[in-house]
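Student:
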Amino acid sequence: MTNALIFGLTGQDGSYLAKFLLEKGYNVFGTFRRTSHRCFERIEDMEIFDDVIPIKADLSDHGSIQLAIRQSKPDEIYNLAAQSFVGASFQQPILTSDITGLGVLRILEAIKENSPGAKFYQASSSEMFGNYSEIKNENSPFHPRSPYGAAKVFGHNITIHYREAYKIFACSGILFNHESPYRGLEFVTRKITYALARIKFKQQKKLRLGNIHAKRDWGFAGDYVEAMWMILQQKNPDDYVIATGKSHSIEEFLDLASEYAGLGDWHEFVEYDESLDRPTDIEDLVGDSSKARKQLGWSPKLDFKELVKMMVEYDINSVKNEISPLNTEVKGSIKSE
Ligand code: GDP
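With the sequence shown counted from 1, adding 22 to any position gets you this note's numbering.
1) Tell me the rounded alpha-carbon separation between Asp73 and His84.
2) What residue from Val247, Asn233 and Thr122 has the CA that sits closest to Ser297's CA?
3) Give a yes or no on contact between the segment 263-274 and the segment 180-189, applying the rule of three or more CB pairs nearer than 8 Å.
4) Quick one, are the C-beta atoms of Lys95 and Ile70 less than 7 Å apart?
5) Quick one: measure Cβ to Cβ for Gln34 and Arg205, integer angstroms, because I've assumed they're closer than 8 Å.
6) Should Arg128 be listed as close to ligand 1, given that the test is whether its C-beta is under 6 Å from any heavy atom?
7) Span of the alpha helix (DSSP H) holding Arg185?
8) Would you call the segment 143-153 in contact with the segment 164-175, where contact means no fewer than 3 C-beta pairs closer than 8 Å?
9) Since I believe Ser202 is in contact with Ser146 (beta carbons under 8 Å), could you give me their beta-carbon distance rounded to a whole number of angstroms?
10) Mind checking Thr53: buried by the 16 CB within 10 Å criterion, or exposed?
11) I need the boundaries of the alpha helix (DSSP H) containing Thr211, first residue and last residue.
12) If we ignore side chains and look at the alpha-carbon of each, how far apart do Leu278 and Gly286 end up?
13) What's the gap between the Cα of Tyr154 and the Cα of Asn161?
14) What's the C-alpha gap between Ile356 and Met68?
15) Taking Tyr262 as the reference, give the member of Ser321, His289, Ala283 and Leu329 with the closest Cα.
16) Straight-line CA distance for Ala219 to Phe291?
17) Closer than 6 Å to a non-hydrogen atom of ligand 1 - does that hold for the CB of Asn136?
18) Beta-carbon within less than 7 Å of Asp306's beta-carbon, same chain only, minus the 5 sequence neighbours each way: which residues are those?
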């Protein structure tokens, strides 16, 4: 059996990837951070909690990373752990650099010392590109517009360095925004779909947003984890842009989401909140994933409309049935405490 170790098991991507790998017959180990609240809601909602092996580890702690690698004896390692919210990286730039940037180096060092034959996937990000050039591919220059983006550039470059210097099978997927009903509530898509569901059931009156003219290339997280796996099944390690190739503004997202929620004109309840503007933002992000489509045979299955519909329906259902939204629930016992 093949062993996989996922750093960041409990996040959106970690839970989709764990499910995907379990269906492929992998033994799935995954790291989670010790916190005072429970963090397994997503893998419980997916009904895979009993099938994965959680390991407590933190990307700021080299020893815990080493232990996770020794315990799981992985054939494949996926690094999906990060301080992943761009907005928070402006308030916590040093923490973001430590976890999202240096954390990658800690894993690579641990692989070099303990498990040099393991394949490594690094979650690189479209945030590395910034505003230059229209459609971004693997050769586009990096010009990050946030501490998060800068930390991801470091993670990306150090992954390439370990591939070249130590012959580690180390790869990056440069993933453009990918969403789902499991997206954290602080990201704009899920913030919108959850708020619309609450507005529909009269639990909330207004939705406050920042720059709604920004455009993103939004895909479905479930499709993107398949690309991560495909990247590690190639003969040679390499880097790939994963994107749908189309961007939409937040206004367009609101149009569709409001229509699916049956709420009509969103201008009636959306308010601009200046405090949500970022010191620097990226106006438009669109990716060209021709290389991945050609070499991996990957393509996204869900389109933008289907994605928005899925997220709206999930949140309407959970608000209607008074199920607490993922990420805010505190319940149950911790499996490996
Ligand atoms: P990101 O692309 O990783 O930063 O994903 P986000 O979902 O956090 O943000 C996408 C875009 O939405 C950015 O350009 C934000 O400035 C913009 N945006 C506008 N209002 C909001 C808001 O209330 N919350 C968030 N998270 N983003 C917002």
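A virtual CB, placed ideally from N, CA and C, is assigned to each residue, including glycine.
Tutor: According to the structure shown:
1) 26 Å
2) Asn233
3) no
4) no
5) 5 Å
6) no
7) Pro169 to Tyr188
8) yes
9) Not really, about 19 Å apart at Cβ, beyond 8 Å.
10) buried
11) Val210 to Lys222
12) 10 Å
13) 12 Å
14) Caution applies to Ile356, whose pLDDT of 32 falls short of 50 and renders its modelled position unreliable; the value that the coordinates give is listed next. Looking at the two C-alpha atoms, the distance is approximately 17 Å.
15) Ser321
16) 13 Å
17) no
18) Lys237 and Ser269
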